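Participant:
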Amino acid sequence: MIIRSSYRVSVLSTPPGDLFIAGLGPGMYGNLPKLVASREGYQGCLASVDLNGRLPDLLNDALFRSGQIERGCEGPSTTCQEDSCANMGICIQQWENYTCDCSMTSYTGTQCNDREY
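According to our numbering, the sequence shown is numbered sequentially starting from 133.
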């Protein structure tokens, strides 16, 4: 499989069987190592997928459909800004919004505004 984006081209070898794009099959997330942060699969946009010169229709060819899958992409409505997180908190972009990682600060709260005592 070749994954093309404006940033990189990667060639992946996969064993025979089902190919899961942007997630795993039903019930497979429980088998992931604990250090794998994502338990919900990919959130975002795919421009195209090339499988040995074939461009599959990801909606019509899917054996399993999970979550919201649709044609077109508008991107996130709320994005990280310079002042999204206070007190040196780190803004982490998610699909619909963002969260602040306050773990390396002495603050808590959704935007690292609450002083930790």
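Don't be surprised by glycine CBs; every beta carbon is placed ideally from N, CA and C. Keep in mind that this is a model prediction, so the values were computed, not measured.
So for Gln161, helix, strand or coil by DSSP?
Facilitator: With the sequence shown as reference, residue 161 is identified as Tyr, and Gln is not the correct amino acid for it. Three-state DSSP puts Tyr161 in a helix.
Participant: By alpha-carbon positions, which one of Asp182, Leu195 and Glu248 ends up nearest to Gly149?
Facilitator: Of Asp182, Leu195 and Glu248, the residue nearest in Cα terms is Leu195.
Participant: Under a three-way DSSP split, which group does Asp215 fall into?
Facilitator: DSSP places Asp215 outside both helix and strand once states are collapsed to three, so it counts as coil.
Participant: Taking the beta strand (DSSP E) that Ile201 falls in, what are its first and last residues?
Facilitator: Run containing Ile201: none; DSSP gives neither H nor E here.
Participant: What is the DSSP secondary structure of Cys234, reduced to helix, strand or coil?
Facilitator: Coil.
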